[in-house]
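With the first letter of the sequence shown counted as 1, position 86 gets the number 86 in the UniProt record's numbering; the numbers rise by one all the way through.
Even for Gly, the Cβ is constructed at its ideal location relative to N, Cα and C.
Okay, so here's the structure we're looking at.
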Amino acid sequence: MAERTLRELPAPDVNYNGLCIEYVDVVVPFELKSGLIHLLPRFSGLAGEDPHKHLKEFQVVCSTPLRPDGITEDHIKLRAFPFSLQGAAKD
Numbered sequence: 001m002a003e004r005t006l007r008e009l010p011a012p013d014v015n016y017n018g019l020c021i022e023y024v025d026v027v028v029p030f031e032l033k034s035g036l037i038h039l040l041p042r043f044s045g046l047a048g049e050d051p052h053k054h055l056k057e058f059q060v061v062c063s064t065p066l067r068p069d070g071i072t073e074d075h076i077k078l079r080a081f082p083f084s085l086q087g088a089a090k091d
């Protein structure tokens, strides 16, 4: 790889970095239960909302011990996070 100039260094290398979340293939297929989705805190990105509080509550809900074998907490978080966003935060 050729050396990059100072102007090129801050620019992202689109050939190297992924442009979206890549879900890891899991051995055990699973789906999120509607009960878990309804328990997720909602975040819409309004000025009065606290994103740190949202993430803490999200962490608590997703750390359920009732998950299938072979499914990590990270798998659940990756699948569940889009369901916790609404309005402008979802865009």
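Straight-line measurement puts the Cα of E57 at about 21 Å from the Cα of E31. Taking a C-beta distance under 8 Å as the contact criterion, L78 and V61 do not qualify as a contact pair.
The continuous alpha helix (DSSP H) containing G35 extends over residues S34 to L39.
DSSP, reduced to helix, strand and coil, places L78 within a helical segment of the structure shown.
Straight across, the Cα-Cα distance linking F83 with I37 is about 7 Å.
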